[in-house]
Amino acid sequence: MRRTVGTARTAVFAAAAACALLVSGCGGSGRAAGDPAASQAGKAPSPHTTPTDTRTLPGVGPRLTAEVPASARQALVVYGASPTTSKSSVTLFTRSGGVWHRGPSWASHNAIHGWTLQHHEGDLRSPVGVFSLHDAGGLLPDPGSRLPYHRSTAFTTPSSWPASYHHDFDYVIAIDYNRVVGTSPSDPTRPQGQSRGGGIWIHLDHGQGTSACVTVSKDALRYLLHTLQPSAHPVVVMGDTADLAS
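Going letter by letter, the sequence shown gives residues -32 to -1, 1 to 214 in mature numbering (1 follows the signal peptide of the UniProt record, and there is no 0).
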């Protein structure tokens, strides 16, 4: 499903080889002035302190719970440390018999300026909401993804980016915000308009905040590609802990 509150991030792609990513919210320097992550402000929450099996997703309040489709049997919850930091953690939950069962958790990053309910292109914040997960892709060959996998050189990062960012898009999972489901994550089409942003992905972590994407380690992303499956109608529920709980 899609939420109509805010979209994500501005792309800083300059290379012609990455033209399909020109309005992507991924990447960026992660060192913008005032970046809370750069000063190490805020710590990722500790979701393992909540019960293992619950009828509702731990830390997710009634507003967003109502937006999780009844058909969803996999949910990736991104717990942002605060509204203004890029520190977060990610936990995978699987639902059976009406109960959500906790899976593995990983450290992660979100946008360098935190989170927003009213995202627009270039605000360097990740959108709060519930979004479906349909498509994956990357620069590298398909590692065995259950989601449709789109390999393309369009995932090549610009040479002007720091060396630590050059593998960001080796693997990505598209977050279905302002995009055409069933296409490559690199597809630049924005059904709600360019001002609403787009190209928000789960991609490889480079140790700092992003323009709007969520990042995890390579091992974590490979695990998700092997685990998330279309028949389970996976979603990502993402936001800072206060907005998640509202």
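All residues carry an ideal CB built from backbone N, CA and C; glycine is no exception.
- Minimum Cα-Cα distance from Pro30 among the listed residues Glu89, Val98, His88, Ala75 corresponds to Val98.
- With contacts defined by Cβ atoms closer than 9 Å, Tyr47 and Ser56 form a contacting pair.
- The criterion of a C-beta distance shorter than 9 Å is satisfied by Ala79 and Ala180.
- Here Gly106 is buried, its C-beta having at least 16 other C-beta atoms within 10 Å.
- Shown here for Arg119: same chain residues with a beta carbon closer than 7 Å to its own, the five before and five after excluded, namely Gly105, Gly106, Pro109, Asp110 in chain order.
- When DSSP states are grouped into helix, strand and coil, Ser132 belongs to the helix group.
- Counting along the chain, Leu192 sits inside the alpha helix (DSSP H) bounded by residues 186 to 195.
- Between the stretch 161 to 177 and the stretch 22 to 41, the count of C-beta pairs closer than 8 Å stays below three; the two stretches do not touch.
- Put simply, the stretch 131 to 147 touches the stretch 157 to 173. At least three CB pairs are less than 8 Å apart.
- Contact between the stretch 83 to 98 and the stretch 197 to 207 is present: three or more C-beta pairs spanning the two stretches fall below 8 Å.
- A check of alpha carbon separations from Asp91 across Ser152, Ser163, Val45 identifies Ser163 as the nearest.
- For Thr209, the enclosing alpha helix (DSSP H) covers residues 209 to 213.
- CA-to-CA, the gap between Thr178 and His194 works out to about 24 Å.
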